[in-house]
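> Take this structure, written in structure tokens, and hold onto it; I'll ask about it next.
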Amino acid sequence: MTGHATRRRTAGHDCRVTDFAKGHGTGNDFVIVADVDGEHPLDRAAIARLCDRRTGVGGDGLLRVVHAAKHPDGVSHAGHADWFMDYYNADGSIAEMCGNGVRVFVRYLREHRLATGDVIPVATRAGIRRVDVDGDLLRVDMGPARLLGESTADVTGHRLTGRHVSMGNPHLVCRVTDPAAYDLTRPPTVPADEFPDGVNVELFTGDRDHITMRVHERGVGETMSCGTGACAAAVVALDGPGTCDVDVPGGRLTVTATDDTVTLTGPAVLTFHGTTKP
Ligand SMILES: N[C@@H](CCC[C@H](N)C(=O)O)C(=O)O
1310 MTGHATRRRT AGHDCRVTDF AKGHGTGNDF VIVADVDGEH PLDRAAIARL CDRRTGVGGD
1370 GLLRVVHAAK HPDGVSHAGH ADWFMDYYNA DGSIAEMCGN GVRVFVRYLR EHRLATGDVI
1430 PVATRAGIRR VDVDGDLLRV DMGPARLLGE STADVTGHRL TGRHVSMGNP HLVCRVTDPA
1490 AYDLTRPPTV PADEFPDGVN VELFTGDRDH ITMRVHERGV GETMSCGTGA CAAAVVALDG
1550 PGTCDVDVPG GRLTVTATDD TVTLTGPAVL TFHGTTKP
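Going from the sequence shown to my numbering is simple: count from 1 and add 1309.
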């Protein structure tokens, strides 16, 4: 099964039935839907329904697999990448990039024979991301981090100062004594004029080569892991070139920063295939 968004005739009605897969990277989990020719866009409500953990399949986000040439945001990359990762948060909002998602996306492409070889470029809204497959681990060239100054977040009554970091998507990285001491069930409050599109908030502790991190993701809530967030937090912890292990509730990611780029390494697995009911 390749996981298509399809239309089937059921009981005399023309109903949308979606074949899907599920996968995760360090516990950051995704519903994966293949719509290779980009013929069945999903609206915000449909994505939120699929990602609902009680009444849907459940996931932190949704990865739609579309030929780069067939997606308006992918077509400019079509000469350099065959596939576009059409990523959505669990609430149906669009995000530019997803570091765990892109590894799961490549695992899906390979297991469904949509791509071969160990080096696979993927078009995303943040640009092309090259993914190297090395057995259980996948290494992603995430591009450079952009350090955009300081800002603040109110995390359930605690005012924290952090660094605004862009990994293609926005992050506010706050160093704290104990990330476990905070309630991340509600979205942190941040200055709306600095983050007009919202922000992912990371709380971390540790030193240059090893940090522990929790994250509240924009459009999702607290998640077990965030790949772009791990990169943003590691870049702040490293404060220059180096390698940093990032422990998140769902496992370990490794981030290497050079003067030119940031590399994210971690696992990605597929866990289910299924079909929604009409
Ligand atoms: N989990 C992701 C980030 C997903 C997007 C994020 N919620 C946003 O809105 O920017 C990752 O692994 O990077």
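Glycine residues also receive a C-beta, built at the ideal position from the N, C-alpha and C atoms.
How far does the beta strand (DSSP E) with I1356 in it extend, from its first residue to its last?
Start at 1 with the first residue of the sequence shown, and residue 1356 comes out as number 47. Taken as a continuous stretch (DSSP letters only), I1356 belongs to no beta strand (DSSP E), being part of the alpha helix (DSSP H) at R1353 to C1360.
> Taking the DSSP output, what are the residues bridged to M1394?
Walking along the sequence shown from the start, residue 1394 turns up at place 85. In the DSSP output, where bridge partners are listed per residue, M1394 has V1374.
> Bridge partners of L1457, per DSSP?
Numbered from 1 along the sequence shown, position 148 holds the residue referred to as residue 1457. In the DSSP output, where bridge partners are listed per residue, L1457 has none listed.
> Given this structure, state the Cα-to-Cα distance separating L1446 from G1575, to the nearest angstrom.
Taking the sequence shown and counting its residues from 1, one reaches residue 1446 at position 137. Taking the sequence shown and counting its residues from 1, one reaches residue 1575 at position 266. Taking C-alpha positions only, L1446 is separated from G1575 by approximately 5 angstroms.
> Excluding five sequence neighbours on each side, which residues of the same chain lie with their C-beta closer than 6 angstroms to the C-beta of V1571?
In the sequence shown, counting from the first residue as 1, residue 1571 sits at position 262. Excluding sequence neighbours, V1571 sits near M1451, A1454 and C1540.
> Could you check if C1535 belongs to the surroundings of ligand 1, using beta carbon to heavy atom distance under 8 angstroms?
As a first step, residue 1535 is located in the sequence shown; it is residue number 226 there, counting from the start. At least one heavy atom of ligand 1 is nearer than 8 angstroms to the Cβ of C1535, so yes.
> What I want to know is whether the C-beta of R1363 ends up closer than 8 angstroms to one or more non-hydrogen atoms of ligand 1.
For the purposes of this step, residue 1363 is identified with residue 54 of the sequence shown, where counting begins at 1. False, no ligand heavy atom lies under 8 angstroms from that Cβ.
> R1422 by DSSP, collapsed to three states: which one?
By one-based count along the sequence shown, residue 1422 stands at place 113. Three-state DSSP puts R1422 in coil, outside helix and strand.
> According to DSSP, is T1567 part of a helix, a strand, or is it coil?
Start at 1 with the first residue of the sequence shown, and residue 1567 comes out as number 258. Note: T1567 maps to coil in three-state DSSP.
> By DSSP's criteria, A1462 is part of a beta bridge. Which residues make up the other side?
Taking the first residue of the sequence shown as 1, we reach residue 1462 at position 153. Note: A1462 sits in a beta bridge opposite L1469.
> For ligand 1, is there any heavy atom lying closer than 8 angstroms to the beta carbon of T1417?
Residue 1417 sits at position 108 when you count from the first residue of the sequence shown. Checking the sequence, you will find Tyr at residue 1417 rather than Thr. Ligand 1 never approaches Y1417 closely enough for any of its heavy atoms to be under 8 angstroms from the residue's Cβ.
> Please report how far the alpha carbon of D1443 lies from the alpha carbon of A1435, in whole angstroms.
Counted from its first residue, the sequence shown places residue 1443 at position 134. Counted from its first residue, the sequence shown places residue 1435 at position 126. Their backbone Cα atoms lie some 24 angstroms apart in a straight line.
> Just verifying my parser: in three-state terms, what is the DSSP assignment at N1478?
For the purposes of this step, residue 1478 is taken as the residue at position 169 of the sequence shown. It is coil, neither helix nor strand.
> Give the secondary structure of T1327 by DSSP, where H, G and I count as helix, E and B as strand, and everything else as coil.
Numbered from its first residue, the sequence shown carries residue 1327 at position 18. Annotated three-state conformation of T1327 is strand, per DSSP.
> Who are the near neighbours of M1533 in its chain, counting only those whose CB is closer than 7 angstroms to its CB and skipping five residues on each side?
Residue numbering aside, residue 1533 sits at position 224 when the sequence shown is read from its first letter. T1335, G1336, N1337, V1557, P1558 and G1559.
> Pull up the CB-CB distance for V1340 and V1366, whole angstroms please, since I reckon it's below 8 angstroms.
Position 31 of the sequence shown, counted from the first residue, corresponds to residue 1340. Position 57 of the sequence shown, counted from the first residue, corresponds to residue 1366. Their Cβ separation, rounded to whole angstroms, is 5 angstroms, which keeps V1340 and V1366 in contact under 8 angstroms.
> Taking its Cβ as the centre, do 16 or more other Cβ atoms sit within 10 Å of P1497, making it buried, or is it exposed?
Taking the first residue of the sequence shown as 1, we reach residue 1497 at position 188. Flag for P1497 reads buried.
> Would you list the one or two residues that DSSP bridges to D1338?
Residue 1338 sits at position 29 when you count from the first residue of the sequence shown. DSSP lists H1333 as partners of D1338.
> For the pair the stretch 1515-1522 and the stretch 1346-1366, tell me if three or more CB-CB distances fall below 8 angstroms.
no
> Could you round the C-beta distance between H1376 and G1347 to whole angstroms and report it? I think they count as a contact, below 8 angstroms.
Taking the first residue of the sequence shown as 1, we reach residue 1376 at position 67. Taking the first residue of the sequence shown as 1, we reach residue 1347 at position 38. H1376 to G1347, Cβ: 7 angstroms. Contact.
> When the Cα of P1594 is compared with those of S1460, P1488 and R1495, which residue comes out closest?
Only positions 1310 to 1587 of the chain appear in this structure, which leaves residue 1594 out of reach.
> In whole angstroms, what is the alpha-carbon distance linking E1511 and G1530?
Within the sequence shown, residue 1511 is the residue found at index 202, counting from 1. Within the sequence shown, residue 1530 is the residue found at index 221, counting from 1. When rounded, the distance between both Cα atoms is 12 angstroms.
> Just to check my reading of the structure: V1431 and W1392 have Cβ atoms closer than 8 angstroms, yes? What is that Cβ distance to the nearest angstrom?
As a first step, residue 1431 must be located in the sequence shown, where it is residue number 122. As a first step, residue 1392 must be located in the sequence shown, where it is residue number 83. 6 angstroms between Cβ atoms; contact.
> With 16 other CB atoms within 10 Å as the buried threshold, where does G1332 fall?
Locating residue 1332 in the sequence shown gives position 23, counting from the first residue. Burial call: buried.
> Got a sec, what are the start and stop residues for the beta strand (DSSP E) C1553 sits in?
Within the sequence shown, numbered from 1, the residue matching residue 1553 stands at position 244. Looking at the DSSP string, the run of the beta strand (DSSP E) that includes C1553 is G1551 to V1557.
> Examine ligand 1 and report whether any of its heavy atoms sits within less than 8 angstroms of the Cβ of A1577.
Here residue 1577 refers to the residue found at position 268 when the sequence shown is read from its first residue. It does not: the Cβ of A1577 is nowhere closer than 8 angstroms to a heavy atom of ligand 1.
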